[in-house]
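**Student:**
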């Protein structure tokens, strides 16, 4: 009984660390885009620190998961939970990496006059941030409906990415002086799109964990099917 | 003894499936870039099929790993091997995804006159392909030196990515008619760079598996250190 309680506490600890990582990732997205919109470098100055904390958490979570697998030898739901935790861990670490890529593009833009008022990119960032939050919320609550909502939101992010590209292409073609800035914005939109992809992966992991059912490649015919 | 033999056979099976995935990913990279260089759509026509096979293998490998963890409750090296296999599995699936993104950019270019003779992008593709191959070779042989070589190659891929961007920017600025094509090539170089990143992740997983030592964030100070 005591062992079970200790095990449960360790699982809770794992959850808390993942939530902390996700909260950091959210703040990183917010700050990076705020720096872009407000054109104020100080807004995002803590982002590299946050990323380091995410990296530390990633290692801690992997080690904790490995220790749990080795010492508790969990099966069934607990096993699926721990496997999901290690996958979500990797997704969150990549999301933080992508925010670092975004800040690099933002720094390219910092020294130059603004190209245009930014609407779609902050909107993409807001959607991506919400996807990250909701996917983790879905994980801790084992809420597959919320996980499905996250997956569906990805279409909106993708549509915005295409819209951003189309609009920026017209700027580039009309005025070569805009090319470098427009390209930086295109890359930012791509990084945001990938953050959405990672949140989608988390949503899929949650559904797999909860239902023991793989939704990652629904259109892939399985060789075992008739 | 018999159980141990069965377990070993299952681990071998896992290895084989990962090698098959990596071989598919390699062929996909080759074909996608050959289509780009040779400007012949038929060269890469099997790429979507290969990606479907990669997706099927991903699910099979995850299920096999989960079954091994649940039924064999491995510890120490075997446990680290299985955890590495699930991570490598995810990396390979993403590499295949990225090749699909590359073929989309290649299709944008297909209907238009060639922008320039391609040198750096095929070189990047060759490096990325070799990184994928070597990282899996390092995994099956538990060869940490080879894994380190993979990680070092990533700097060359990154340098080529920067070079591609600089060169294509000059085309775009000199002639707005080149913008759409140049942008497609920039995005291809980004996708190749990310394939290199995923192979690097595999290399790091191999070192972690072999040495029980995390090399993913060497510059991150651990909170437990003085």
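Residue numbers (the numbering used here), protein chains in the order written: chain P, 36 to 261; chain H, 36 to 261.
Virtual Cβ for every residue (Gly too), placed ideally from N, Cα, C.
Fair warning: this is a prediction, and the values are worked out from it, not measured in the lab.
#1: Report yes or no: do three or more beta-carbon pairs, one from the region 92-103 of chain P and one from the region 118-132 of chain P, lie closer than 8 Å?
#2: Evaluate residue 227 of chain P with the Cβ neighbour count: other Cβ atoms within 10 Å of its Cβ, from every protein chain shown; 16 or more gives buried, anything less gives exposed.
#3: Rounded to whole angstroms, what is the Cα-Cα separation between residue 230 of chain H and residue 37 of chain P?
#4: Can you grab the Cα-Cα spacing for the pair residue 173 of chain H / residue 199 of chain H, in whole Å?
#5: Would you tell me roughly how many angstroms separate the C-alpha atoms of residue 191 of chain P and residue 178 of chain H, rounded to the nearest one?
#6: Candidates H:175, H:180 and H:162: which alpha carbon is nearest residue 188 of chain H's?
#7: Closer than 9 Å, Cβ to any Cβ of chain P: which residues of the region 91-110 of chain H, in chain order?
#8: Go ahead and pull the three-state DSSP assignment for residue 246 of chain H.
#9: Answer with buried or exposed for residue 52 of chain P, where buried requires no fewer than 16 other C-beta atoms within 10 angstroms of its C-beta.
#10: Residue 168 of chain H to residue 57 of chain H, Cα distance in whole Å?
#11: On a Cα-Cα basis, can you pick out the residue from P:201, P:203, P:183 and P:213 that is closest to residue 205 of chain H?
#12: Along chain H, which residues have their Cβ under 9 Å away from the Cβ of residue 211 of chain P?
#13: What residue range does the alpha helix (DSSP H) around residue 47 of chain P cover?
#14: Kindly list the residues whose CB is nearer than 6 Å to the CB of residue 175 of chain H, restricted to its own chain and excluding five residues on each side of it in sequence; keep chain order.
#15: Starting from the N-terminal side, write out each stretch of the beta strand (DSSP E) that is 3 residues or longer and does not extend beyond the region 86-164 of chain H.
#16: For residue 62 of chain H, which residues of its own chain have a beta-carbon under 7 Å away from its beta-carbon, when the five flanking residues on both sides are left out?
#17: Exposed or buried, what is residue 196 of chain H when buried is set at 16 or more other beta-carbons lying within 10 Å of its beta-carbon?
#18: Would you say residue 163 of chain H lies against chain P (beta-carbon separation less than 8 Å)?
#19: Which residues of chain P have a Cβ atom closer than 7 Å to the Cβ of residue 79 of chain H, listed in chain order?
#20: When the Cα atoms are used, what is the spatial distance from residue 207 of chain P to residue 68 of chain P?
#21: At a Cβ cut of 9 Å, what residues of the region 171-188 of chain P count as close to chain H, listed as they run along the chain?
#22: Check whether the Cβ of residue 204 of chain P lies closer than 8 Å to any Cβ atom in chain H.
#23: With distances taken between CB atoms, is the gap from residue 185 of chain P to residue 119 of chain P smaller than 8 Å?
#24: Tell me where the alpha helix (DSSP H) around residue 79 of chain P begins and ends.
#25: Classify residue 146 of chain P as buried or exposed, calling it buried when 16 or more other Cβ atoms lie within 10 Å of its own Cβ.
#26: For residue 114 of chain P, go through chain H and note every residue whose CB falls closer than 8 Å to its CB, in chain order.
#27: Beta carbon of residue 131 of chain P, beta carbon of residue 59 of chain P: below 8 Å?
#28: Between residue 236 of chain P and the rest of its own chain, which residues show a CB-CB distance below 7 Å, the 5 nearest in sequence each way excluded?
#29: Spatial neighbours of residue 217 of chain P within its chain, please: C-beta separation below 7 Å, excluding the five flanking residues on both sides.
#30: According to the neighbour-count rule (16 or more other Cβ atoms, all chains shown, within 10 Å of its Cβ), is residue 90 of chain H buried or exposed?
#31: Starting from the beta carbon of residue 194 of chain H, find every residue of chain P whose beta carbon is closer than 9 Å, and list them in chain order.
#32: CB of residue 157 of chain P to nearest heavy atom of the ligand PLP: below 7 Å?
#33: With a threshold of 8 Å between beta carbons, is residue 69 of chain P in contact with chain H?
#34: Within the same chain, show all residues whose beta-carbon is closer than 6 Å to that of residue 258 of chain P, passing over the 5 residues directly before and after it, in chain order.
#35: Out of H:64, H:44 and H:93, which has the shortest C-alpha to C-alpha gap to residue 80 of chain H?
#36: Do you know how far the Cα of residue 140 of chain P is from the Cα of residue 222 of chain P?
**Tutor:** Here's the rundown:
#1: yes
#2: buried
#3: 46 Å
#4: 29 Å
#5: 43 Å
#6: H:162
#7: 91, 93, 94, 95, 97, 98, 100, 101, 104, 105, 106, 108, 109 and 110
#8: helix
#9: buried
#10: 7 Å
#11: P:213
#12: 207, 208, 209, 210, 211 and 214
#13: 37-73
#14: 50
#15: none
#16: 85
#17: buried
#18: no
#19: Chain P residues near residue 79 of chain H: none, gap ~19 Å exceeds 7 Å.
#20: 22 Å
#21: none
#22: yes
#23: no
#24: Note, residue 79 of chain P: premise wrong, no alpha helix (DSSP H); not H, not E.
#25: exposed
#26: 101, 104 and 105
#27: yes
#28: 126
#29: 150, 203, 206 and 207
#30: buried
#31: Simply none; closest approach about 16 Å.
#32: What this structure holds is no ligand at all, so the ligand PLP is not there to describe.
#33: no
#34: Residue placement at residue 258 of chain P is poorly supported in this model, since its pLDDT is 47, which falls under 50; the coordinates still yield a value, given next. If we look at residue 258 of chain P and ignore the five residues flanking it on each side, it has no Cβ neighbours.
#35: H:64
#36: 7 Å
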